[in-house]
Each structure stands twice: as C-alpha cells, then as structure tokens.
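> Chains as they are written, first to last, in our numbering: chain A, 9 to 122; chain B, 40 to 152.
I'd like to ask some things about the structure below.
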C-alpha cells in the first residue's frame, strides 16, 4: 500500500524554466510534508517542508504547495539550474505517530539541461 | 561539523551469511532511524531509536533483522541468514530530537549474491 506516490519517474526541463514535481498521498493523518533531494552515492538531503496548516511555503527558488482536499503537493523550482539535477523524494509524517518516521514516495529524477 | 557516517559503504556477501552495518550519527542527536532503499523506490522505514531504546521497530521485515544502539550513539543493523531480496541501500538518519529534521548518511549498499 503506497501511501505516498510520485507518479512521474522522471522530468526534463531547460535551464531557467520552471520545474514542477508532484506528489500524492492517501493517508489523511499525514500533517507534515517534506521534500528531499538526492545525488548519486549520497544520502538524501532536506530541501523544504510544509505543515498541513499551511498551503504554501517558499525558500528562495523552491516553493512547496499543499492541497489538502486533493491530498496533493507539488514542488516548484524557479529558475531551474543544472545543479538541481537529482532525484527528488516527497515524504510525509503522521501527526499521530510518536516516532517521527517518514513515509517516502518513489522519487522523481529531474534533469535540467543547460 | 561531521555528518552522519555509515560503514562500510559497500558490502557484498553470500546468501545465508551474517552482516553488520554501522551508523555513526551526528554528535548529540538523540533520535536515530534506519531506512532501506530498494532499486527504483524511495527509502522505507525500518526502525527508530530514541536514545538507547528501539521505540519503533515496526518496519523490520522479519526476525532476521535486528538493530542495537547500546550507548545511545552508534547503531548497528544486523542481518542474519541474508537473502538475495535483502540487497538494497541501507540508510541511517539522525535528528536532534523527535520530529526535528532528519540528516541522512550516504548509505551502505548491500549486495547478497
């Protein structure tokens, strides 16, 4: 049962354009969402997060949008840079959990072409 | 400062053998997590330690998997009678406290032949 889904395995965009990565979830108990970025042979690194009480969070070129009614979130990267090329994972955490464990999506590989 | 480190970076073993994977969390971090990432998938939760105790081991796939954190710092994930399906990247993460940002190590790539 995949509670967090990233339905696009890959995305290719031109440098300077917007990258939009999507994520859907099924568990209504999730109340905190995160995006991680992963380069080959490295562990995931935290990028940006959003609490369920908000619908948008922005940090520089990165913005995360949350649509609770649709159980959908998206990560926007503007402008995209070649160094953004990596695998992006969406993750969620349940407010009812007392362990803080993260549930991850399958990941989307972003390629930004110069 | 030093991040989360994991050793070995790669481990190749034969089916049926025993392996130990080590995680050194960031100094002072009380929470430690193990995840497993199979090819083409996202990390999957295995176990969570708060201090020395395993507060949640619900993600361990079966009783061949065991993890310890005897002094509340370094953790070891132990896999007995390895199977080919255990082949994956095993990731360790630590956070200062529960629900703080989790910092991941580079992982140990386990290959069971």
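Ideal Cβ positions, reconstructed from N, Cα and C, are used throughout, including at glycine.
Using a 10 Å radius around the Cβ and a threshold of 16 neighbouring Cβ atoms, would you call residue 117 of chain B buried or exposed?
Answer is exposed; the Cβ neighbour count stays below 16.
> Pull up the distance between the alpha-carbon of residue 83 of chain B and that of residue 121 of chain A, whole angstroms please.
Each residue's alpha carbon lies about 30 Å from the other.
> Going along the segment 116-133 of chain B in order, which residues come within less than 7 Å of chain A, judged by CB to CB distance?
Going along the segment 116-133 of chain B in chain order, one finds 130 with a Cβ nearer than 7 Å to chain A.
> From residue 109 of chain A to residue 20 of chain A, what distance separates their C-alpha atoms?
Distance between the alpha carbons of residue 109 of chain A and residue 20 of chain A: 31 Å.
> Whole angstroms are fine: how far does the CA of residue 80 of chain A sit from the CA of residue 103 of chain B?
Computed Cα separation, rounded: 37 Å.
> So the beta strand (DSSP E) residue 83 of chain B belongs to, where does it begin and stop?
Note, residue 83 of chain B: beta strand (DSSP E), 83-89.
> Using 8 Å as the threshold, is the C-beta distance between residue 22 of chain A and residue 113 of chain A below it?
No, the pair does not count as a contact, with Cβ atoms beyond the cut-off.
> Run through DSSP, which three-state label would residue 108 of chain B get?
Residue 108 of chain B: coil per DSSP, three-state reduction.
> Could you check the C-alpha separation between residue 61 of chain A and residue 127 of chain B for me, to the nearest Å?
If I take the Cα positions, the gap works out to 36 Å.
> Strictly under 8 Å for the Cβ-Cβ distance: is residue 49 of chain B near chain A by that measure?
Not closer than 8 Å to any Cβ of chain A, the Cβ of residue 49 of chain B fails to qualify, so no.
> Are residue 52 of chain A and residue 44 of chain A closer than 8 Å when you measure CB to CB?
Against a cut-off of 8 Å, the Cβ pair of residue 44 of chain A and residue 52 of chain A comes out as a contact.
> List, in chain order, every chain B residue whose beta-carbon is nearer than 9 Å to that of residue 41 of chain A.
The contacting residues do not exist; residue 41 of chain A stays about 13 Å from chain B at best.
> Could you tell me which chain A residues have their CB closer than 9 Å to the CB of residue 143 of chain B, listed as they occur along the chain?
44, 46, 50, 51, 52, 53 and 54, listed in chain order.
> Check whether the Cβ of residue 116 of chain A lies closer than 8 Å to any Cβ atom in chain B.
Chain B, which has no Cβ nearer than 8 Å to the Cβ of residue 116 of chain A, makes this no.
> Taking only beta carbons into account, state which residues of the segment 87-109 of chain A come closer than 7 Å to chain E, listed in chain order.
No chain E is present in this structure, whose protein chains are A and B.
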